[in-house]
Structure formats: structure tokens, C-alpha cells
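Residue numbers (the numbering used here): 32 to 131.
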């Protein structure tokens with residue numbers, strides 16, 4: 032086991048947290064009319080959660096079934112969650128404020 036793996040997991044969790052907060056902020060601003068969001072954004076933000084959770088659980092389970100250590104399973108699941116938060120942040124940040 033890599034002695035720095037838990038530090039990497041912590042940094043990954045922090046990155047995911049920052050991205051998630053940015054996504055939440057843009058979505059709330061969109062609901063208030065301050066950020067340009069798709070009309071289906073409120074539906075999409077509810078619909079994507081189960082998909083992300085299943086992808087993360089699958090990645091962790093497959094890592095454990097391959098005989099990998101717990102830190103690698105956690106990292107695999109966080110990679111999946113990070114992919115979703117990163118995609119959301121990129122998509123929403125490209126739209127920008129509604130007044131521009």
C-alpha cells in the first residue's frame with residue numbers, strides 16, 4: 032500500500048467538494064435567474080445523483096473484486112464521483128451569468 036494514498040484521497044475529496052459547491056452555487060443562481068442554465072437543469076440535478084452513486088459503487092466493488100486494497104477501491108469510486116462533478120462544473124461554467 033502506498034503510504035501517501037490517503038493524502039491523495041483527501042486532496043481528491045477536497046477537489047470534489049470545491050467543484051460540488053461551485054455547481055450548487057451556479058444552479059441556485061440559475062434558479063434565481065442570475066445564471067444561464069438549461070430549462071431542464073432542475074430535473075437533471077435530481078436525475079444524475081443515482082447514476083453517479085451507482086458508478087462509484089461499481090468502481091469500488093470491481094476494484095475490491097480484483098483484489099485491490101481499500102485505498103484503491105476508495106480512489107476508484109472517488110474518480111467516478113469526480114468525473115461527474117467536473118463535468119457539471121465545466122458545463123455550467125461555460126454558460127455564464129444571465130445578464131451578459
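Even glycine gets a Cβ: it sits at the ideal position worked out from N, Cα and C.
Residue 114 places its beta carbon 7 Å or farther from that of residue 54. At the C-beta level, residue 90 and residue 108 come within 7 Å of one another. Nearest to residue 128 by alpha-carbon distance, out of 66, 85, 39, 95, is 66.
For the options 40, 63, 46, the alpha carbon positioned closest to that of residue 104 is the one of 40. In the DSSP assignment, residue 56 falls within the unbroken alpha helix (DSSP H) covering 36-62.
Taking the Cβ atoms as the reference, residue 94 lies roughly 11 Å from residue 111, outside the contact range of under 8 Å.
Collapsing the DSSP output to three states places residue 128 in a strand. Along the stretch 57-120, the alpha helix (DSSP H) occurs as fully enclosed runs of 4 or more residues at 72-96, listed in sequence order.
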